[in-house]
Ligand code: GAR
């Protein structure tokens, strides 16, 4: 299954997916293209260094529909079957979502539906939660809302800062995303309403 990874920044989730593929922990998939919407995104540079095909579609100052149409064109040109948002800090247009219906995944650093939006780890820390975590979900037209594929939890310790908690969550993200992609690639699941169910 050909993956298209979209990112805006650091790219540690992209690198975790790439490492899982290279190390044989995630099989049956390949990264066909990495697309960034910000020229300076370190993840874009990392993808180039790894020799992966990359594309830059700068979103700033461009209409969402136009920008997304360019992304869709690139994804189609590379034969992408599953789009993985990996720290892609932009809402997708309805056209983008319907072009890849139930074929777009996102990772979010909270236990959704708690703390959608930006800086979720910091929102959770400030709220005083005792358990935090991350969620991999299908993307629908609402923010951080689509069907949940999997979640991983972490404890919050008394001595934590928002930064130590964010780092603990990120560590789980790096395990969760490859696992979720593997489940989608296996095809052994069905979506019933909001339920994502594994089939044997
Ligand atoms: C990750 O923590 C990811 O969950 C979050 O951005 C970070 C990107 O890090 N995404 C969102 O908040 C999306 N709503 P990375 O660039 O190192 O993968």
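In this note's numbering, the protein residues as written are 18 to 217. A virtual CB, placed ideally from N, CA and C, is assigned to each residue, including glycine.
Worksheet item: Over what stretch of residues does the beta strand (DSSP E) that includes residue 213 continue unbroken?
Response: For the purposes of this step, residue 213 is taken as the residue at position 196 of the chain shown. Residue 213 -> beta strand (DSSP E) spans 212–215.
Practice prompt. Specify the secondary structure class of residue 226 as computed by DSSP and reduced to three states.
Written response: No statement about residue 226 is possible, as the shown extent of the chain runs from 18 to 217 and does not include it.
Discussion item. Please tell me whether, using a cut-off of 8 angstroms, the distance from the CB of residue 30 to the nearest non-hydrogen atom of the ligand GAR is below it.
Written reply: The sequence position of residue 30 within the chain shown is 13, counting from 1. Yes.
Practice prompt. Pull up the CB-CB distance for residue 149 and residue 128, whole angstroms please, since I reckon it's below 8 angstroms.
Written response: One-based indexing of the chain shown puts residue 149 at position 132. One-based indexing of the chain shown puts residue 128 at position 111. The Cβ separation is near 7 angstroms, so the contact holds.
Worksheet item: If you measure from the CB of residue 76, is any heavy atom of the ligand ATP nearer than 8 angstroms?
Response: This structure simply doesn't include the ligand ATP; it includes the ligand GAR instead.
Practice prompt. Could you check what DSSP says for residue 172 in three-state terms: helix, strand or coil?
Written response: Taking the chain shown and counting its residues from 1, one reaches residue 172 at position 155. Strand, per DSSP.
Worksheet item: When the Cα of residue 139 is compared with those of 100, 185, 116, which residue comes out closest?
Response: Numbered from 1 along the chain shown, position 122 holds the residue referred to as residue 139. It is 185.
Worksheet item: Using 8 angstroms as the threshold, is the region 150–162 in touch with the region 93–113, meaning 3 or more CB pairs across them?
Response: yes
Practice prompt. Going by CA-CA distance only, name the one from 126, 178, 136 that's closest to residue 167.
Written response: Position 150 of the chain shown holds residue 167. Out of 126, 178, 136, 126 has the C-alpha closest to the C-alpha of residue 167.
Discussion item. I need the straight-line Cα distance from residue 91 to residue 52, nearest angstrom please.
Written reply: Taking the chain shown and counting its residues from 1, one reaches residue 91 at position 74. Taking the chain shown and counting its residues from 1, one reaches residue 52 at position 35. Roughly 8 angstroms between the two C-alpha positions.
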